[in-house]
Structure formats: structure tokens, C-alpha cells
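Okay, so here's the structure we're looking at.
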Amino acid sequence: MNYEQLNHLIAKCAGNNTPIQPVDKLSKLFVDNETIKSLLPTDTTGIDNTIKLLDSISELLGSDDARKRDAQIHRLNKDLINTVYIFGSTITAFDYIYFVLLHPWIVKLNDKERFLFCNVTRWFNFVQNTTFLGNGKLDLVPISTTPPPPEPPKEKKPAAAPTATAAAGDNKNEKKADDKQAAAAAGGDKKKGSGREKPAAEPAKPLDVSRFEIRVGKIVEVGRHETAEQLYVEKIDLGESTGPRTIASGLVKFVPIEEMRDRLVLVLCNLKPRNLKGVKSEGMVLCASNADHTAVEFVDVPATAQIGERVSFAEFPGEHDKVLKPETVEEVLKELKTNADRVATYKGCPFQTTAGQCIAKSLANASIS
81 MNYEQLNHLI AKCAGNNTPI QPVDKLSKLF VDNETIKSLL PTDTTGIDNT
131 IKLLDSISEL LGSDDARKRD AQIHRLNKDL INTVYIFGST ITAFDYIYFV
181 LLHPWIVKLN DKERFLFCNV TRWFNFVQNT TFLGNGKLDL VPISTTPPPP
231 EPPKEKKPAA APTATAAAGD NKNEKKADDK QAAAAAGGDK KKGSGREKPA
281 AEPAKPLDVS RFEIRVGKIV EVGRHETAEQ LYVEKIDLGE STGPRTIASG
331 LVKFVPIEEM RDRLVLVLCN LKPRNLKGVK SEGMVLCASN ADHTAVEFVD
381 VPATAQIGER VSFAEFPGEH DKVLKPETVE EVLKELKTNA DRVATYKGCP
431 FQTTAGQCIA KSLANASIS
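Residue numbers for the sequence shown follow our numbering, so the first one is 81 and each next one is one higher.
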């Protein structure tokens, strides 16, 4: 672990200049170090297993046992299948530590090797291009998002030459086969053209915001989660015949509950539902946040926008995915930002409703997620 790089990254992103001193086991940082403890979420359920895995990976990165090292990193890869960050729903001390810890390892991998750890690679590429971009001493690692081509099939060995007896038998079989084929052809000509041609494969969808189903919703009910202090549980009307959706949002530290009620919000609707502390959350409310995630606010929707209408992007038309894959979410989210005028954009193209653009209250040049 390069503590100089870790300290520099935390100072730049989290504004904490208290240096972290080296320890023999990284788990000790989560017990004794106030800087690290300040970068953890309020709800730390399940943190012990995450810390144990961190210790294991840290120790094996410095060993010659590549098999054991890769097995532990595959555990992390599995944990990241349906999550954006290492632990919890926002960036934490784990993301800072793992980013510095795994940077030299990621640099050495080729595209094929990175694809074997696709979820770790996706997470690494996401944080290096968002929160950590330009905020540390570590170089940006160029990472391809295109899977490597499959290996060509192995050539089959030529069959051994037949014996004279086998050849004679084969000639008889060939004659019978020819007779059968001739009969089949006679009847087959009548059937030609009756079968349906296979439809042409659909062209691949572009990897852009057109894949997102972002709709205008209205919070019709909101309350605090029973056990997770940082979560609100909202009922959001999206104009659907099935009624309001239940969505959990980690906004307690940033938005008073009074400002949640009856508010128009932007909802990413085509995420796979997931269980958040016992609540089935069916989407994500989009908010703007600064680099160190100390300020978070809603992206305001025009008051006359229609509940349930889909947000459009003039330069990126297209039909949204039925259910988004995690890698698509990561790639598109990192390009959602407010501009200098606080207008919500994707690659500079504004979020557009029938009533106008969507604008953050105060955060300019901020990420949206």
C-alpha cells in the first residue's frame, strides 16, 4: 500500500489532511484511524466480511502465489456484480484504499486479463473517471470497455486413411446415401421457398443515455427507514397503472424530510429492483453531488412537467433498455453532470422535459447519480 498516494487522494477528495500512518494490517485502520472511520457510512452492517477480504487481498498482492491472489480478487469481483461501490451506496474509505491498492495490479493486466475480473475493472474505471479524476498522484489507466475477441477454435487433426475393406463398405453406403439424397431432392424442390428466412440480427445499441429510462415522478409519501438511519423510503408516482413505486434513497444527511414531500423528481426507472435493508427499491432518484459527496441536492424538474413523461436528449434518441446491466449504468452515469449553469446534461446535451430543462439548485459542474 502506497500511503503517500492514499493520503494525497483523501486530502484532495475528502478534504482531510490528517496523514494516515502505515499499519501491518489494513483492518487496523478501521479501528484506530479517525480519518478512515469518518469515510464510512452510518450503516456498517456486514463490514467485518468486507474488512477481512481487504486484509486477504492486501497480503496476497505482495506474495508470489498468483492462484490464491486471483481467487480472493474473484471474491471481490463477485461482490461487485450488482453494486457501484465497494461497500454501501456511496463512495467510502474502502474505495479509496482499494483504488490505491489495486492500481499497480490493474496497470499490469492486459485487456483479456481485465475482462476476467470485469466487475473489479468496471468499478476501477468508474471511480478513476469520476470522484478520483485528477485528484491524486496516480495516473489514469486507459481501460477498454470492449470485450476481447474469442480465441479461434483449435484445428482438428485430419482423419486417418480408411482401410481397403472399410473403403469398399463406404462405397456401398455412399451409393445408398446418394439414392436417398436424390429422392429427398425430388420432393425437397417442392418445399423450397416455403420456409421462413431467419430475421437479420438487430444492430447493437449505442452505449449512451438513450439506454436510460429517466422519468418525471412525484413523491407522494416519504418516511425514514426503520433500521437504516441514512435512508428515506419514498412512494413515487410515475403515472403507472400499477401505482406508485417504492424507492429507497440515501438522502437523510442532505435533504430535510419536509423538502421531500410532494416534490417532482427525476427517477431512473429501468434498474433491476434490489433489496436495500429489507426494502425492495424499484429505481433511483437522480441527484447532483460534489466531488467528495459532502453536498447532495435534487435536480429540479419544471413545475409544469407531466408526471410519468420520459426525459429526452436531443442528440441521443432511442428506445431504453428493459432492464439495465450494471456495466451500462456505470458507463452512462459517469457522463451525467451539471454544466456551469447548473443544467443537468449528458455529454453536454441537456435533460429535456416538455416543460423545459432540469436544473440543480446550486451545484455547478457536479456529477449526477
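Beta carbons are placed, not taken as given, at the ideal position from N, Cα and C, and that holds for glycine.
Of the listed residues the options, nearest to residue i (C-alpha basis)
i           : options            : result
residue 198 : 156, 301, 171, 400 : 156
residue 383 : 438, 371, 415, 366 : 438
residue 317 : 135, 145, 343      : 343
residue 185 : 146, 311, 123      : 146
residue 190 : 174, 224, 215      : 224
residue 312 : 339, 323, 177, 449 : 339
residue 188 : 362, 222, 83, 350  : 222
residue 367 : 85, 357, 442       : 442
Cβ shell of residue i (< 8 Å), same chain only, five flanking positions each side left out
i           : result
residue 420 : 444, 445
residue 271 : Note that residue 271 scores a pLDDT of 48, beneath 50, so its modelled location is shaky; the value from the coordinates is reported in the next line. Contacts found: none.
residue 360 : 326, 353, 354
residue 95  : 372, 374
residue 133 : 152, 155, 156, 159
residue 304 : 311, 312, 313, 332, 337
C-alpha gap between residue i and residue j, whole angstroms
i           : j           : result
residue 87  : residue 98  : 8 Å
residue 429 : residue 393 : 6 Å
residue 140 : residue 104 : 13 Å
residue 332 : residue 396 : 33 Å
residue 137 : residue 129 : 12 Å
residue 330 : residue 369 : 12 Å
residue 161 : residue 436 : 36 Å
residue 447 : residue 142 : 35 Å
residue 321 : residue 81  : 53 Å
residue 363 : residue 144 : 43 Å
residue 418 : residue 449 : 11 Å
Start-to-end residues for the beta strand (DSSP E) that takes in residue i
i           : result
residue 328 : 325-329
residue 360 : 359-361
Residue i vs residue j beta-carbon contact at 8 Å
i           : j           : result
residue 440 : residue 379 : yes
residue 218 : residue 204 : no
residue 398 : residue 296 : no
residue 302 : residue 341 : yes
residue 100 : residue 106 : no
residue 299 : residue 314 : yes
residue 334 : residue 376 : yes
residue 120 : residue 163 : no
residue 167 : residue 127 : yes
residue 414 : residue 170 : no
residue 194 : residue 410 : no
residue 472 : residue 214 : Nothing about residue 472 can be reported from this structure: the residues present for the chain run from 81 to 449 only.
Nonlocal neighbours in the same chain, by C-beta distance under 7 Å from residue i, ignoring five residues either side
i           : result
residue 212 : 89, 93, 179
residue 291 : 285, 400, 401, 404, 408, 412
residue 220 : 208
residue 434 : 385, 386, 389
residue 113 : 100
residue 175 : 165, 166, 207
residue 319 : 387, 388
residue 83  : 100, 102
residue 91  : 97
Beta-carbon contacts of residue i that lie in its chain and below 6 Å, excluding the five residues immediately before and after
i           : result
residue 294 : 346, 348, 391
residue 426 : 289, 393, 415, 416
residue 309 : 122
residue 422 : 439, 440, 444
residue 148 : 140
residue 324 : 300, 315, 316, 317
Residue range of the unbroken alpha helix (DSSP H) whose run includes residue i
i           : result
residue 176 : 173-188
residue 159 : 146-159
residue 118 : 114-118
Residue i beta carbon near the ligand NAD (any heavy atom closer than 7 Å)
i           : result
residue 221 : Looking for the ligand NAD in the displayed structure turns up nothing, as the structure carries no ligands at all.
8 Å Cβ cutoff, residue i in contact with chain C
i           : result
residue 297 : You won't find chain C in this structure, because it holds only one protein chain.
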